[in-house]
Amino acid sequence: MNKNICKIFIFLCILGFYSASMGAAISKSDPQIVSHQSYQSIPETKFGEIFQKYLYRNLNNQGCDVVISRLKITGNVPVPAGSIGFQSYQKGKRRLEGHVSLIVVVKINDVVKNKVKLSGWVDIFQPVVCASRDLKRGERISKEDLYFVKRNISHISSKILTDMNRIIGLMAKHNVKKDTGLKEWMFEKFPIVDKGDIVTILAESGDIKVTAPGRVLMKGYAGELVKVQNLMSKKEIYAKVVNGSIVAVEF
9 MNKNICKIFI FLCILGFYSA SMGAAISKSD PQIVSHQSYQ SIPETKFGEI FQKYLYRNLN
69 NQGCDVVISR LKITGNVPVP AGSIGFQSYQ KGKRRLEGHV SLIVVVKIND VVKNKVKLSG
129 WVDIFQPVVC ASRDLKRGER ISKEDLYFVK RNISHISSKI LTDMNRIIGL MAKHNVKKDT
189 GLKEWMFEKF PIVDKGDIVT ILAESGDIKV TAPGRVLMKG YAGELVKVQN LMSKKEIYAK
249 VVNGSIVAVE F
């Protein structure tokens, strides 16, 4: 009887030790005793604001309207609680028109915790320069020949003119129809002198001035060098075009 009691007691002690050991092992791996870090979610509207602000900050265009569509947000997952900050930069091509992609770096307490990809279609409506009448080849362009109209430049060439002063005083290289959106390559400088024109060659040095008649041997533009022939000496020289009747040389 006593021997049985001792056996039972020893068995219970062994069982109790085993159970305690198992309990300790289970407690160490139990996820319920691990402290959970709190998280915060960033609303997608916030990323929409970041996309829009990036465009307005980098377009640097006055009087333009920006329309964003098909905005897609990828990788917006909860981040740890804390002070949140954003840093955005463009991915891929540099034009902020048509399809635009951005990367937004999400920082918590100044530590990078996530990167979110933004992509969307951007339409930009901006005043562009158009012809107010039919322009003929060789015609000199004045302000009255031009006007502004707001167009979606996301669907047209990046070379479309937005500043009419760039072509005022130039001449059309070819015929241009009324209401055409204008590009700078359509125009060239207006020559002040042409081949065969008779001009005065002016040479100055201090108070000394010497003049001689000359014949222009090529088209010439204001402020640029042109080849001329001195009709007195028959020598060919280069002189700077001053106006339609005078070219200047230094001596």
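Under our numbering, the residues of the sequence shown are numbered 9 to 259, in order.
Idealized CB from N, CA, C, for every residue including glycine.
Figure out for me which residue from the options has the closest Cα to the Cα of residue i.
i, options, result
"Leu110", "Phe59, Leu178 and Val74", "Phe59"
"Gln134", "Val85, Ile245, Val74 and Val113", "Val74"
"Ile132", "Asp215, Val112, Asn68 and Asn117", "Asn68"
"Cys138", "Ser253, Asp171 and Cys72", "Asp171"
"Ser140", "Val124, Gly189 and Tyr64", "Gly189"
"Ser49", "Ala220, Thr219, Gly90 and Phe198", "Gly90"
"Lys227", "Glu57, Val130 and Asn251", "Asn251"
"Lys158", "Cys72, Val257, Thr53 and Ala247", "Cys72"
"Ile175", "Lys197, Ser46 and Ser96", "Lys197"
"Tyr155", "Leu126, Tyr229 and Val136", "Val136"
Grouping DSSP H, G and I as helix and E and B as strand, with all else coil, what is residue i?
i, result
"Arg65", "helix"
"His163", "helix"
"Asp73", "strand"
"Asp187", "coil"
"Thr170", "coil"
"Pro39", "Note that Pro39 scores a pLDDT of 41, beneath 50, so its modelled location is shaky and nothing firm can be said."
Name the DSSP bridge partner or partners of residue i?
i, result
"Ala220", "Ile209"
"Met240", "Partner(s): none; Met240 has no beta bridge."
"Gly228", "Val201"
Pull up the CB-CB distance for residue i and residue j, whole angstroms please, since I reckon it's below 8 angstroms.
i, j, result
"Asn66", "Leu104", "6 angstroms"
"Lys203", "Leu225", "6 angstroms"
"Asn84", "Val124", "5 angstroms"
"Lys115", "Gly93", "4 angstroms"
"Ser77", "Gly128", "7 angstroms"
"Pro88", "Tyr47", "6 angstroms"
Would you say residue i faces chain D, with C-beta separation under 8 angstroms as the test?
i, result
"Pro199", "Annotation note: the requested chain D is absent from the structure, which comprises a single protein chain."
Legend entry - the segment 116-126 contacting the segment 148-159, beta-carbon criterion three pairs below 8 angstroms: no
Inset, instruction - Could you tell me whether the segment 201-210 touches the segment 178-189, where touching means 3 or more Cβ pairs closer than 8 angstroms? - result: no
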